Structures are given as C-alpha cells and as structure tokens.
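Input: a single structure, listed below in structure tokens.
Rendered as structure tokens:
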C-alpha cells in the first residue's frame, strides 16, 4: 500500500480507502474474530461498574465499614476518594476498549499517510495504479474473507492461538457473571477432560513478561469474590464483589497485534 506507489514515481499517492480496508481486513481476519467475545467481556465489566454508580456507590459501601469490620477495611475507607477516582477512570478505559478488534482495520486505514481519506476516489492508489478502486469492501472476520481480492486466506483454517484466546474470553466472562451472582466457581482442572490449564498466552506462568498478551483473569481474585457472595446468591450483589470485580485488570489492553 505504501511502497508500490513509490515504484510508480507517485511518492505522495495514498491507498484508496476501500483498498486499504480489504488489505487490513484480510491481514487481521483472525483478530477481528476476537471482537464478539471481547465485547461480551467488556460489557460484563461495565455491568459491574454501573452497580458502583447506583445503590452500591462506593461512598455508601465504605462509610459504615469502620464500625463493623477490621482495621484493614478501615484503611480502605480512608482511601475512599482515591478508590472512587479509580473506579470512574476504569469506566472510561472500558468504553474505549470496546470494539477495539473490529475497528482495528478502520483505525489503521484512517491513520495519516496510510489511507486516502481527504482526496477523491480517483486520486488514490488502487493496488495497480492511480484510480478508482472498484471491488467491494469485505466484512469482518475470517469467514468473510473468502472472496477478498487482496489477501488469499484459507477460511477453513483459523489461527489456533486466536481460537484459544476466544475460548479464554468466554470462560472469563462466564466466571464474572457467576461471581456477580454469588455462585461458587471451581477453578481447579479435574485432569479428566483433557482441557489442560494455563492462560493460553503461550508462556509459563512464572516467566511471562509484563506486556505479554494474555486473557487470564486472576483466578484468586474471582475465587475470593465468589466465596464472599456465596451466602447472597438470591439477594442483591455484594458491594465488596462489585468493587473487587470492577478493579480487575484488563489484560488485553497490553496486547500487541
């Protein structure tokens, strides 16, 4: 999209928007398949966050705690203002993270010096020369690339690593829903179903770099949340659960495509 125009002595010619999108949708087809389950995961986090802005607002939760529980929780009460600030900041980051995978190709093509957004449809590089790009823009995801004119893909062979991440997202979302309802969660592998264990990130748990792409939701935190709320399965969600779940790290945001 960039170097071919240079070879044709057109150094300022940018890729046609539709041409750029077809190239990127083909290159990022497997990543786009992360979108639906990723959006479900983000939405479950937003549901927990909204509870903190309603009847279980952080001030309501923390105000009487020093009378009822230990000195450790009194320390949390003394930091209520900072915690409230962090909770509000989390919502903004979650909103920005939603649809990140399905919008990735559009974001790249709209970047400066990549896609020809400001010029007419005839003043751009169509893959062969300056002129209008005629093929239609493909949809998102691997299955929609079967007729992509720019990138050849075997739509019957999805990327195994991406499929593992999709499964990890599904499991993490289900665990968040269960913890929110106060249901018990079994986080131990039984060893009989062959499913294995681990985060699916491709590295040993004790040797992962800080910026490693991972979908693992901290099991100890969610297990603690479930224990706290096991006695309130039929009642409203616990404020402690809502606070803890809302502060779970969004590990995907550290990922590199």
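Numbering (the UniProt record's numbering), first residue to last: 1 to 257.
Where is the CB? At the ideal position from N, CA and C, for every residue including glycine.
As the structure is a computational prediction, the values presented were derived from the model and not from experiment.
For residue 14, the nearest candidate out of 172, 124, 177 and 179 (CA to CA): The count along the chain shown starts at 1 and reaches residue 14 at position 14. Selected option, being the one with the closest Cα: 124.
Which of helix, strand or coil DSSP assigns to residue 111: On the chain shown, residue 111 is found 111 positions in, with the first residue counted as 1. Coil at residue 111, not helix or strand.
Beta-carbon proximity list for residue 144, same chain, < 6 Å, skipping 5 on both sides: As a working mapping, residue 144 is identified with position 144 in the chain shown. Once the five neighbours on either side are set aside, the close Cβ partners of residue 144 are 138.
First and last residue of the uninterrupted alpha helix (DSSP H) at residue 167: Here residue 167 corresponds to residue number 167 of the chain shown, with the count starting at 1. First-last of the alpha helix (DSSP H) with residue 167: 160 to 181.
6 Å Cβ shell around residue 35 - same chain, five flanking residues per side excluded: Counting from one through the chain shown, the residue named residue 35 turns up at place 35. So the qualifying residues of the chain are 101 and 102.
Residue 130 in three-state terms, based on DSSP: Here the question's residue 130 lines up with position 130 in the chain shown. Strand.
The alpha helix (DSSP H) enclosing residue 29, as first and last residue numbers: Position 29 of the chain shown, counted from the first residue, corresponds to residue 29. Its alpha helix (DSSP H) spans residues 29 to 32.
Closest Cα partner of residue 335 within the set 159, 26 and 91: Examination of residue 335 is not possible in this model, given that the chain is present from 1 through 257 alone.
Residue 155 - DSSP class collapsed to helix/strand/coil: Numbered from 1 along the chain shown, position 155 holds the residue referred to as residue 155. In this structure, residue 155 counts as coil in the three-state DSSP scheme.
Outcome for residue 88 when other beta-carbon atoms lying within 10 angstroms are tallied against a minimum of 16: As a working mapping, residue 88 is identified with position 88 in the chain shown. It counts as exposed.
Three-state secondary structure (DSSP) of residue 36: In the chain shown, the residue the question calls residue 36 occupies position 36. Helix.
Three-state class that DSSP yields for residue 82 in the structure shown: Translated into the one-based positions of the chain shown, residue 82 becomes position 82. Helix, per DSSP.
7 Å Cβ shell around residue 30 - same chain, five flanking residues per side excluded: The count along the chain shown starts at 1 and reaches residue 30 at position 30. Excluding sequence neighbours, residue 30 sits near 142, 158, 159 and 162.
Secondary structure of residue 106, DSSP reduced to three states: Taking the chain shown and counting its residues from 1, one reaches residue 106 at position 106. Helix, per DSSP.
Secondary structure of residue 95, DSSP reduced to three states: Here residue 95 refers to the residue found at position 95 of the chain shown. Helix at residue 95.
DSSP three-state assignment for residue 207, whether helix, strand or coil: Position 207 of the chain shown holds residue 207. Confidence at residue 207 is low in this model, with a pLDDT of 42, below 50, so its placement is unreliable and no value can be given for it.
Residue 272 (DSSP reduced to helix, strand or coil): Because the chain here runs from 1 to 257, residue 272 falls outside it and cannot be looked at.
CB of residue 146 within 8 Å of CB of residue 97, strictly: As a working note, residue 146 is residue 146 in the chain shown. As a working note, residue 97 is residue 97 in the chain shown. It is not a contact, given that the beta carbons lie outside the stated cut-off.
Rounded distance between the beta-carbons of residue 154 and residue 32, thought under 8 Å: In the chain shown, residue 32 corresponds to position 32, counting from 1. In the chain shown, residue 154 corresponds to position 154, counting from 1. Rounded, the Cβ-Cβ distance is 16 Å, inconsistent with contact.
8 Å Cβ cutoff met for residue 133 and residue 19: Mapped onto the chain shown, residue 133 falls at position 133. Mapped onto the chain shown, residue 19 falls at position 19. In contact: residue 133 and residue 19 (Cβ atoms closer than 8 Å).
Residues near residue 22 by beta carbon distance below 8 Å, same chain, minus five either side: Against the chain shown, residue 22 aligns to sequence position 22. Around residue 22: 135, 137, 138, 148, 149, 150 and 151.
Residue 92 versus residue 171: straight-line alpha-carbon distance, rounded: To locate residue 92, count along the chain shown from 1; it is residue 92. To locate residue 171, count along the chain shown from 1; it is residue 171. Answer to the nearest angstrom: the Cα atoms are 24 Å apart.
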